[in-house]
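Per this note's numbering, residue 1 is the first one in the sequence shown, and the count goes up by one each step.
Here a beta-carbon is modelled for each residue, glycine too, at the ideal position from N, C-alpha and C.
Predicted model, so just to flag it, every value in this text is computed and none were measured.
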Amino acid sequence: MRTPVCLILLASALPLAPPPSWSDALPEASRPVSTFTRLLLPDMDAHPRLEISWQTSAGERIELSGVRPYTGDAGRESLGENIDAFTAVGGTRLSKSAGHPAGLILRAGFYKADPTAPFFRDIPEGGTIRVRFTAIRVNQPAIPRLESVVQHLKFSLTDLETCAIPNDAREQFNLYSETELLNARVTPGVDARPGVLDGSSTSDAVTRVWVEDDASIALEVEFPYALLRHILDPWDSQVPGTFVEPIHFHFELELLPEAVYDAIESGQQVWPPPSRDVDELDQPAPPED
């Protein structure tokens with residue numbers, strides 16, 4: 001006797017018992033804590049603000065600012081002087097599978113409008129540049145991870161050839177963390193400077209992240225102009241105009257849902273744990289910038 005089709009359909013709609021988990025065998029106190037609620041996403045209608053400033057050798061303070069939607073580098077617009085700017089979702093951590101699976105990566109980027117002209121007009125030796133990325137809004141309470149901050153530099157292939165620098169060293173990374181190497185995808189002394197954004201040395205950048213009273217999130221980095229020099233540049237000088245500048249740089253940070261951040265800070269095991277495969281988050285892949 002054949003089973004009626006209606007009973008087959010009804011059976012297929014019944015919930016299945018979840019398969020036994022490896023964590024069920026652990027004592028209750030040792031089981032990982034599930035902290036996922038909903039995907040952390042940017043508020044695409046709330047456009048963040050970018051600011052960049054420096055002091056010239058004559059003592060003039062140049063301050064540029066503007067509001068930018070999350071367009072990626074294809075939507076960059078002039079901020080003034082020789083600088084175009086954009087904001088975007090995703091970044092180095094996403095492309096190198098070095099983010100937390102519950103996290104959201106955002107970046108603030110800058111390009112030379114004229115690649116042959118200086119990035120920062122009349123900046124003196126020993127000068128610093130301040131970048132602020134503010135008014136960041138997301139769809140739930142979130143915390144920025146200070147140790148996640150990365151500065152990505154990109155150089156012109158022509159400039160690399162002029163300095164006899166290999167083309168595969170086109171991208172460079174200044175990192176806040178002294179120990180994390182972006183999923184072992186960067187190499188200190190070749191394409192990475194670990195720990196130079198943490199302010200522990202007078203030659204380092206000073207980085208701050210915070211959450212405002214209105215729940216918006218902010219990033220500020222004041223970095224020495226010398227950190228724009230390519231690690232492999234054969235000319236050992238930090239004087240502006242004597243070394244090759246990047247044609248582009250961006251700062252990025254990772255945000256975590258508040259519950260995830262708090263669980264990690266309290267030493268709890270978090271499930272799902274950090275993963276090498278963050279593509280499963282269905283975040284848009286960062287464009288080639």
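Quiz item: Where ILE264 and ASP84 are concerned, what is the direct C-alpha to C-alpha distance, given to the nearest angstrom?
Solution: 37 Å
Quiz item: Alpha carbon to alpha carbon, what distance is there between ASN139 and VAL186?
Solution: 32 Å
Quiz prompt | Close-in-space but distant-in-sequence residues of the same chain around ARG61 (CB under 7 Å, 5 per side omitted) | solution = SER53, GLN55
Exercise. Please state if the CB of PRO42 and the CB of VAL89 are separated by a distance shorter than 7 Å.
Key: yes
Quiz item: When burial is assigned at 16 or more other CB atoms within 10 Å of the CB, is LEU39 buried or exposed?
Solution: exposed
Quiz item: Less than 7 Å separating the beta-carbons of PRO246 and LEU153?
Solution: yes
Exercise. Tell me whether ASP213 is buried or exposed, calling it buried when 16 or more other Cβ atoms sit within 10 Å of its Cβ.
Key: exposed
Practice problem: With THR207 as the anchor, note down where its alpha helix (DSSP H) starts and where it stops. | Solution: Premise fails: THR207 lies in the beta strand (DSSP E), 206 to 211, not in any alpha helix (DSSP H).
Quiz item: Do you know how far the Cα of GLY59 is from the Cα of PHE120?
Solution: 14 Å
Quiz prompt | Straight-line gap, ALA108 to GLY267 (C-alpha atoms, nearest Å) | solution = 31 Å
Self-check item: Rounded straight-line distance, which links the Cα of LEU160 to that of ASP233
Solution: 9 Å
Self-check item: Reduced DSSP category for VAL67 - H, G, I as helix; E, B as strand; rest coil
Solution: strand
Quiz item: Under 7 Å between the Cβ atoms of ARG132 and GLU222?
Solution: no
Quiz item: Which first and last residues belong to the alpha helix (DSSP H) in which GLU258 is found?
Solution: 258 to 265
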